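Here the sequence shown is numbered in full-length UniProt numbering, starting from 1 and rising by one per residue.
Every residue gets a Cβ at the ideal spot worked out from N, C-alpha and C, and that includes glycine.
If you're wondering where the values come from, they're calculated on a predicted model, not measured in any experiment.
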Amino acid sequence: MCGRFVDPNLQSLGLDTSWLKLNPIPRRFNVKPTNEVVILGKTPPEPMLARWGLIPSWFKGDEAKEWKATTFNARFEEAKEKPTFRNVWKHGRCLIPAAGFYEWTGEKSKRQPNFIQSAGNEDVLFFAGLASRWRDLLTCTILTRAANDSMAGLHHRMPVILNAEERDVWLGGSEEPDLGAEVKLRHHPVQPFGLLDDGPELIEPFAAPRAGLL
1 MCGRFVDPNL
11 QSLGLDTSWL
21 KLNPIPRRFN
31 VKPTNEVVIL
41 GKTPPEPMLA
51 RWGLIPSWFK
61 GDEAKEWKAT
71 TFNARFEEAK
81 EKPTFRNVWK
91 HGRCLIPAAG
101 FYEWTGEKSK
111 RQPNFIQSAG
121 NEDVLFFAGL
131 ASRWRDLLTC
141 TILTRAANDS
151 MAGLHHRMPV
161 ILNAEERDVW
171 LGGSEEPDLG
181 AEVKLRHHPV
191 QPFGLLDDGP
201 ELIEPFAAPR
211 AGLL
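The structure is reproduced here in structure tokens:
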């Protein structure tokens with residue numbers, strides 16, 4: 001599952017993103033579905049902007065908000081057969097770069113957010129994604145898979161996160177079921193935050209007070 005993530009440091013991607021005109025926009029630490037995000041498509045990868053939350057090309061609505069299905073994530077093992085995703089499974093593959101993502105644990109009334117990032121020196125994660133153009137709007141989804149040991153105790157699902165070799169393989173059309181299985185991640189709890197909160201403080205480690213302590 002991936003419902004919130006952090007913008008990557010675009011300069012570290014080594015790509016010319018000047019045409020995106022993102023410089024005046026502060027880096028976001030609370031990216032949400034329906035937000036505009038950077039994706040990398042084609043070969044070699046080319047940066048583009050897309051709405052996070054895939055709308056299939058065949059949708060007959062007049063406005064994006066009329067699409068009610070939850071399509072910001074797609075299950076890797078099912079997407080090929082799903083009517084919403086199967087048309088772009090072969091021709092709409094992309095990468096979605098991120099500095100990390102969030103997952104929540106605990107009881108519903110006391111949900112604890114956790115920030116997940118690379119366990120190595122990499123400062124950018126590359127999610128496997130699918131992109132669909134609906135009318136004049138480019139939209140995308142993040143693929144998910146069964147979680148590996150890096151996500152133990154957080155969630156049973158995780159984004160499909162690709163290493164350098166897997167990125168080329170994915171964009172080239174591979175259907176290898178183990179893509180992203182070996183990624184190494186680390187995580188830490190962060191201060192609970194709201195829908196509109198943003199800023200680098202969102203990813204700072206947070207020690208929740210222990211029961212019985214003031």
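From the options, residue whose alpha carbon lies closest to that of residue i
i, options, result
"residue 113", "178, 189, 74", "189"
"residue 10", "97, 167, 168, 174", "97"
"residue 176", "101, 76, 102", "76"
"residue 133", "82, 206, 94, 158", "94"
"residue 101", "28, 182, 207", "28"
"residue 57", "167, 40, 87, 51", "87"
"residue 45", "30, 81, 3, 169", "169"
"residue 135", "51, 3, 205", "51"
"residue 130", "197, 117, 78, 205", "78"
"residue 119", "202, 128, 149, 107", "149"
With 16 other Cβ atoms within 10 Å as the buried cut-off, status of residue i
i, result
"residue 195", "exposed"
"residue 173", "exposed"
"residue 7", "buried"
"residue 207", "exposed"
"residue 30", "buried"
"residue 47", "buried"
DSSP state of residue i mapped onto helix, strand, coil
i, result
"residue 213", "Only weak support is given to the placement of residue 213: the predicted model assigns it a pLDDT of 47, under 50, and the value that follows is read from those uncertain coordinates. If DSSP states are grouped into helix, strand and coil, residue 213 belongs with coil."
"residue 89", "helix"
"residue 47", "strand"
"residue 55", "coil"
"residue 195", "coil"
"residue 159", "strand"
"residue 79", "helix"
"residue 170", "helix"
"residue 189", "strand"
"residue 201", "helix"
"residue 66", "helix"
"residue 10", "helix"
"residue 119", "coil"
Residue i to residue j span [Cα, whole Å]
i, j, result
"residue 70", "residue 32", "13 Å"
"residue 178", "residue 161", "11 Å"
"residue 152", "residue 165", "25 Å"
"residue 59", "residue 145", "26 Å"
"residue 193", "residue 199", "11 Å"
"residue 186", "residue 62", "42 Å"
"residue 214", "residue 5", "Low confidence applies to residue 214: its pLDDT is 46, below 50, so where it sits in the model is not reliable enough to give any reading."
"residue 103", "residue 154", "7 Å"
"residue 180", "residue 85", "19 Å"
"residue 38", "residue 49", "5 Å"
"residue 140", "residue 89", "12 Å"
"residue 137", "residue 73", "18 Å"
"residue 105", "residue 64", "31 Å"
"residue 111", "residue 54", "27 Å"
"residue 117", "residue 41", "23 Å"
"residue 109", "residue 191", "15 Å"
"residue 115", "residue 197", "15 Å"
"residue 143", "residue 128", "6 Å"
"residue 107", "residue 163", "33 Å"
"residue 26", "residue 159", "25 Å"
"residue 67", "residue 34", "11 Å"
Cβ-Cβ separation, residue j to residue i (assumed contact under 8 Å), whole Å
i, j, result
"residue 43", "residue 125", "Not quite, the Cβ-Cβ distance comes to about 20 Å (not below 8 Å), so this is no contact."
"residue 147", "residue 123", "That belief does not hold up - the Cβ atoms of residue 147 and residue 123 are roughly 22 Å apart, past 8 Å."
CB contact check: residue i to chain C, cutoff 8 Å
i, result
"residue 163", "The structure shown contains no chain C; it holds only a single protein chain."
Any non-hydrogen atom of the ligand PLP closer than 7 Å to residue i Cβ
i, result
"residue 78", "In the structure on display, the ligand PLP does not appear, and there are no ligands present to speak of."
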